[in-house]
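Asker: To start, I am sharing the structure in question, which I have written as structure tokens.
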Amino acid sequence: MTKRTASSLRFRQSSDPVIRLALRYACCGLRRHAVRFFFPVSLATGLIFGSLPTPVMAQQTGSAVSQIVTIDRQSLFSDTQYGRRVVETVESERVRLASETRKVEEALVKEERELTDKRDGMSPDDFRKLAKAFDEKVQALRTEGTEREQEFVRTLEREQAAFFERIGPILGKLVRELGAVVILDRRAILLTTQNIDITKLAVERIDQVLGDGSDLQDSAPSSPAGEVVPPEQPAPEMPVFPLGDAAPDGTSPDN
Numbered sequence: 001m002t003k004r005t006a007s008s009l010r011f012r013q014s015s016d017p018v019i020r021l022a023l024r025y026a027c028c029g030l031r032r033h034a035v036r037f038f039f040p041v042s043l044a045t046g047l048i049f050g051s052l053p054t055p056v057m058a059q060q061t062g063s064a065v066s067q068i069v070t071i072d073r074q075s076l077f078s079d080t081q082y083g084r085r086v087v088e089t090v091e092s093e094r095v096r097l098a099s100e101t102r103k104v105e106e107a108l109v110k111e112e113r114e115l116t117d118k119r120d121g122m123s124p125d126d127f128r129k130l131a132k133a134f135d136e137k138v139q140a141l142r143t144e145g146t147e148r149e150q151e152f153v154r155t156l157e158r159e160q161a162a163f164f165e166r167i168g169p170i171l172g173k174l175v176r177e178l179g180a181v182v183i184l185d186r187r188a189i190l191l192t193t194q195n196i197d198i199t200k201l202a203v204e205r206i207d208q209v210l211g212d213g214s215d216l217q218d219s220a221p222s223s224p225a226g227e228v229v230p231p232e233q234p235a236p237e238m239p240v241f242p243l244g245d246a247a248p249d250g251t252s253p254d255n
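Quick note: the sequence shown, position 159, residue 159 per the UniProt record's numbering, numbers continuous.
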């Protein structure tokens, strides 16, 4: 029988890549896969409003405002105080999990080495029993690690979903103040003759209203069963929802 060596330990495939992937969803921009889960509840490629009140901000500035404005959806999360707080929390958790993974890995390597050293003084049957028990232990720890990774990603998804849920009314009010009627994802614009991007203004307004979000009591909205929509049943990527005080028929209560 070939001796088991440290290199044969399958548990060594660290959970770090999955964690780093989840972190990139939050920190480097919610890519297409992430947006499917986090964005559709309150925002979409187009946010269309009905009859709108007088454009107060446009009147105050005296400048012409386009009825179509754009937003960088990625920056809405990564540039706000709320998003930065979540990212810092995620990074702290990632470091903690990576440290625990290394400790478990070192302990398993040591145990495997001790088991290998005992082999010469044991009968094949006795060694086989110990080896089987060790393999079962490794598999159990791997399963536990996978479950922790999944819970970690679900937590991140809930935080981002809560953020986009909360900024819907804020953006709705901002757009009405600007006198615009549609918000588009900036990536959907091929060419424009003027600066219609309001991302910076939106980030400032979100920071004013939500701060870093640490004092908000409610977590992200969940399904009736208390679970986030699973990946195999993602929400549509580009639904259209009215924001703010718009009525279900698309008209404004201000009329």
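Where is the CB? At the ideal position from N, CA and C, for every residue including glycine.
Small disclaimer: the values here were computed from a predicted structure and weren't measured.
Between R119, I167, Q194, which has its C-alpha nearest S75's C-alpha?
Answerer: The shortest C-alpha separation from S75 is found at I167.
Asker: Around the Cβ of E149, are there at least 16 other Cβ atoms within 10 angstroms (buried) or fewer (exposed)?
Answerer: The residue is buried, with at least 16 neighbouring Cβ atoms inside 10 Å.
Asker: State the start and end residues of the unbroken alpha helix (DSSP H) segment that holds L76.
Answerer: Run containing L76: 73–78, per the alpha helix (DSSP H) assignment.
Asker: From the DSSP secondary-structure annotation, give me the bridge partner or partners of T70.
Answerer: In the DSSP output, where bridge partners are listed per residue, T70 has L184, D197.
Asker: Shortest alpha-carbon distance to I71 belongs to which of R154, A180, G211?
Answerer: Among R154, A180, G211, the Cα nearest to that of I71 belongs to A180.
Asker: Is R176 buried or exposed, if buried means 16 or more other CB atoms sit within 10 Å of its CB?
Answerer: So R176 ends up on the buried side.
Asker: At which residues does the alpha helix (DSSP H) containing I170 begin and terminate?
Answerer: First-last of the alpha helix (DSSP H) with I170: 124–178.
Asker: To the nearest angstrom, how far is the alpha carbon of V203 from that of L184?
Answerer: Rounded to whole angstroms, V203 to L184 spans 16 angstroms at the Cα level.
Asker: Using the Cβ count rule (16 or more neighbours within 10 Å means buried), how would you classify R73?
Answerer: Under this definition R73 is a buried residue.
Asker: Give a yes or no on contact between the stretch 137–151 and the stretch 78–87, applying the rule of three or more CB pairs nearer than 8 angstroms.
Answerer: Short answer: they don't touch.
Asker: With DSSP as the reference, label S214 as helix, strand or coil.
Answerer: S214: coil per DSSP, three-state reduction.
Asker: Does the Cβ of A107 have 16 or more other Cβ atoms within 10 Å, making it buried, or fewer, making it exposed?
Answerer: Exposed.
Asker: Assuming V69 and I196 are in contact, meaning their beta carbons sit under 8 angstroms apart, how far apart are those beta carbons, in whole angstroms?
Answerer: About 5 angstroms separates the two Cβ atoms, so the contact holds.
Asker: Only counting the same chain, and skipping five residues up and downstream in sequence, which positions put a Cβ closer than 6 angstroms to that of V199?
Answerer: Looking at the sequence shown, residue 199 is not Val but Thr. Within the same chain, T199 has close Cβ partners I71, D72, S75.
Asker: Beta carbon of V90, beta carbon of L174: below 7 angstroms?
Answerer: No, these two residues do not count as a Cβ contact at 7 angstroms.
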